[in-house]
Ligand SMILES: [Zn+2]
Ligand SMILES: [Zn+2]
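Residue numbers (the working numbering): 6 to 127.
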């Protein structure tokens with residue numbers, strides 16, 4: 006195996022790894038959703054909190070639905086902290102995800118507060 010072939014393989018591995026933690030464009034407000042710097046997976050827009058049905062398990066991007074997911078609830082779960090629950094408008098799938106407040110692009114505290122105030126909290 007030549008050196009250049011090895012280098013190409015290293016590059017393609019790096020690319021596919023960054024794709025796994027890629028952001029996506031929010032289906033509601035159209036803004037690009039950046040991935041979390043912590044290495045965990047963000048599944049929702051930090052600006053409007055809507056999500057996109059792309060994961061079966063967090064970060065696997067295995068769901069084929071692709072529907073818009075409405076934030077329905079902010080719950081404080083023991084050991085997990087603040088959790089945002091989304092329901093897919095297309096298939097009805099419910100998906101909890103950690104709220105990200107310590108990221109350089111934190112989830113909107115204003116929108117979180119509005120969701121809490123709407124009484125949709127468990
Ligand atoms: Zn959005
Ligand atoms: Zn769905």
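For glycine and all other residues, C-beta sits at the position ideal for the given N, C-alpha and C.
This one's a predicted model, so the numbers in the text were calculated from it and none came from an experiment.
Simplified DSSP assignment, three categories, for residue i
i           : result
residue 114 : helix
residue 80  : strand
residue 57  : strand
residue 119 : helix
residue 107 : coil
Proximity test, residue i beta-carbon vs ligand 1 heavy atom, cut-off 7 Å
i           : result
residue 33  : yes
residue 93  : no
residue 120 : no
residue 89  : no
residue 41  : no
residue 36  : yes
Spatial neighbours of residue i in its chain, beta-carbon cut-off 8 Å, leaving aside the 5 residues before and after
i           : result
residue 112 : 49, 51, 54, 89, 104, 105, 106
residue 117 : 54, 79, 87, 89, 104
residue 71  : 57, 58, 59, 95
residue 33  : 50, 53, 55, 73
Residue-chain proximity (residue i, chain B), Cβ-Cβ < 8 Å
i          : result
residue 52 : The displayed structure is made up of one protein chain only, and chain B is not part of it.
Close Cβ partners of residue i (< 6 Å) along its chain, the five nearest in sequence each way excluded
i           : result
residue 123 : none
residue 92  : 75, 77, 99
Contact test: residue i Cβ vs ligand 2 heavy atom, cutoff 7 Å
i          : result
residue 70 : yes
residue 96 : yes
Residues sharing a beta bridge with residue i, DSSP
i           : result
residue 38  : 29
residue 101 : 90
residue 73  : 57
Cβ neighbours of residue i in the same chain (closer than 7 Å, five flanking residues each side left out)
i          : result
residue 39 : 28, 110
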